[in-house]
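The block underneath contains the structure these notes are about, expressed in structure tokens.
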Amino acid sequence: MKGLCIKHFRFLIFSACTLLLSSQAQAMESFRVHKTVLVTLPSSAESQSVEATCNDAVAIILPEDKTYIQGVEISVKVPQLVAEWHDSVAWFIYTGIQPRPTEKRIDYSGERAHVGTFGVSLRKTIQIPLVQNNTIRRDAYSEYLSLVPPEEDGMIFFRMQLAMKGTPNDLTNAKFEITVRPLLIDKGKLHLSTKAPDSAEVQPYTVFIDGKAVSDIENQLLDTGVHTLSLVSDSYRNEVRTFTISQAKTTDLTVQFRDITPLLLIAAPEGTLVFLDGEPVSNIKEPVAVSQGEHSVRFTVGDYEVVKQVSAVNGRTYTIAVNLDASISESE
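Following our numbering, the numbering of the sequence shown begins with 1467 at its first residue and continues without gaps.
In structure tokens:
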């Protein structure tokens, strides 16, 4: 009976506390914490962990570049003693915190945006979106908050407070392990570098990704996976590349433009004399540059001669091959 009364008393204490806290939500309040712990949220898929006690605050400083970040996950490893005294510790999310948190500061004012408790669980995971339209995956093991902290805050202010009387002294000093990590969008970027032939100034070109024209490639968010890049220009040969986008990363790709001048690739048996528009070709192992238009290529091997006509177009490469076959016949 005594144990039942204690539990009932604990429930009434917390219920009254929760009602009071909820009624004051959205109102500015001043408060003091035992200690302020600062942690910087990584901009990549990494996580950061800190320790805190039940009357501490954790200020999660957001990076300036939040291009790939759509939310913050706070995972709290709850001490066994706190779980046994369930609902004995409350946690809060504040916005508009003043002054700016430091490790030496304990007095603050701010607007309480959310309140909760750790219940009987040994692990509490909280998901806080930074943008309204997001793709954060909800699950039964995490609490998703509908609030979106103001961007000007530049932080998530997470506070814990003892919310029940009659708890053992050891509970006040129990260590919570708090791990924060960014919730990333499933996209990345492409950083494209181009080089002109002979180190000249790069002339205008059009970028296509997966067949669609892109005007501002540097700020284009792309889905993760394999993509096709096409570069089209009146000054160079068209270039096509495949590249892979990884989550929350920028892929670097360099394309060396090639001259638009038509090229001839000549394949002929050793000892063949080759003439282009009547002029001998000294080295048929290298591509031969020609002007746009009609050209005549003559091959001479001993008494054998063949002439081919080529209509060259800018940006194209033409292969001309000559094969000499030998036939064998048998007779009685």
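Built from N, CA and C at the ideal position, the CB exists for glycine as well.
- Here the C-alpha atom of Val-1505 lies approximately 57 Å from the C-alpha atom of Arg-1782.
- Annotation for Leu-1637: the continuous alpha helix (DSSP H) segment containing it runs 1635-1638.
- DSSP places Glu-1667 in no alpha helix (DSSP H); its state is neither H nor E.
- Minimum Cα-Cα distance from Ile-1572 among the listed residues Ile-1594, Ala-1525, Ile-1732 corresponds to Ala-1525.
- The three-state secondary structure of Pro-1663, taken from DSSP, is helix.
- Two segments are said to touch when three or more pairs of C-beta atoms, one from each, lie closer than 8 Å; by this definition the stretch 1661-1671 does not touch the stretch 1586-1606.
- For a cut-off of 8 Å, the C-beta gap from Leu-1649 to Glu-1539 is around 6 Å, short enough to register as a contact.
- Assignment of Asp-1619 by DSSP, reduced to helix, strand and coil, places it in the helix class.
- With fewer than 16 other Cβ atoms from the protein chains shown falling within 10 Å of its own Cβ, Gln-1564 counts as exposed.
- In the three-state reduction of the DSSP assignment, Glu-1550 falls in the helix class, which pools H, G and I.
- In the structure shown, the three-state DSSP call for Ile-1602 is coil.
- In the same chain as Ser-1696, and ignoring 5 residues on each side of it, the C-beta atoms closer than 6 Å to its own belong to Phe-1674, Val-1706, in chain order.
- DSSP lists Ile-1594, Pro-1648 as the bridge partner or partners of Val-1538.
- Put simply, the backbone Cα of Val-1548 is about 55 Å away from that of Ser-1659.
- When DSSP states are grouped into helix, strand and coil, Ile-1683 belongs to the helix group.
- The shortest C-alpha to C-alpha distance from His-1580 to any of Tyr-1560, Tyr-1702, Val-1776 is the one to Tyr-1560.
- In the three-state scheme derived from DSSP, where H, G and I count as helix and E and B as strand, Met-1630 is classed as coil.
- If you draw a 10 Å sphere on the C-beta of Lys-1655, you find 16 or more other C-beta atoms in it, and that means buried.
- The C-beta distance from Phe-1624 to Gly-1576 rounds to 12 Å, too long to fall under 8 Å, and the pair is not in contact.
- Between Asp-1652 and Asp-1689, the beta carbon gap of about 7 Å places them in contact (Cβ cut-off 8 Å).
- In the DSSP assignment, the residues bridged to Ala-1525 are Leu-1504, Phe-1623.
- Nearest in C-alpha terms to Asn-1704, of all of Asp-1725, Leu-1730, His-1500, Thr-1645, is Asp-1725.
- With respect to Ile-1732, Val-1740 sits close: the two C-beta atoms are nearer than 8 Å.
- Taken through DSSP and simplified to helix, strand or coil, Arg-1498 comes out as strand.
- When rounded, the separation of the alpha-carbon atoms in Val-1646 and Tyr-1574 is 22 Å.
- About 6 Å separates the beta carbons of Ile-1644 and Ala-1518, which is inside the 8 Å limit, making them a contact pair.
- Under the three-state reduction of DSSP, Tyr-1770 is assigned to strand.
- Across the set Phe-1584, Ser-1554, Pro-1616, the C-alpha of Pro-1616 shows the shortest separation from the C-alpha of Val-1597.
- With a threshold of 16 other beta carbon atoms within 10 Å, Ser-1712 falls short and is exposed.
- Excluding the 5 residues flanking it on each side, Pro-1728 has same chain C-beta neighbours closer than 8 Å at Ala-1755, Val-1756, Ser-1757, Gln-1758, Ala-1778, Val-1779, Asn-1780, Gly-1781, Arg-1782, Thr-1783, Tyr-1784, in chain order.
- Assigned with DSSP and collapsed to three states, Ile-1572 falls in coil, not helix or strand.
- Just measuring C-alpha positions, the residue of Ser-1762, Gly-1620, Lys-1501 sitting nearest Leu-1528 is Gly-1620.
- The shortest CA-to-CA distance from Phe-1497 to any of Ser-1699, Gln-1627, Arg-1764 is the one to Gln-1627.
- Secondary structure at Phe-1723: coil, using DSSP grouped into helix, strand and coil.
- Between Ala-1556 and Ala-1629, the C-beta gap is smaller than 8 Å, which places the two residues in contact.
- In the same chain as Glu-1609, and ignoring 5 residues on each side of it, the C-beta atoms closer than 6 Å to its own belong to Ile-1592, in chain order.
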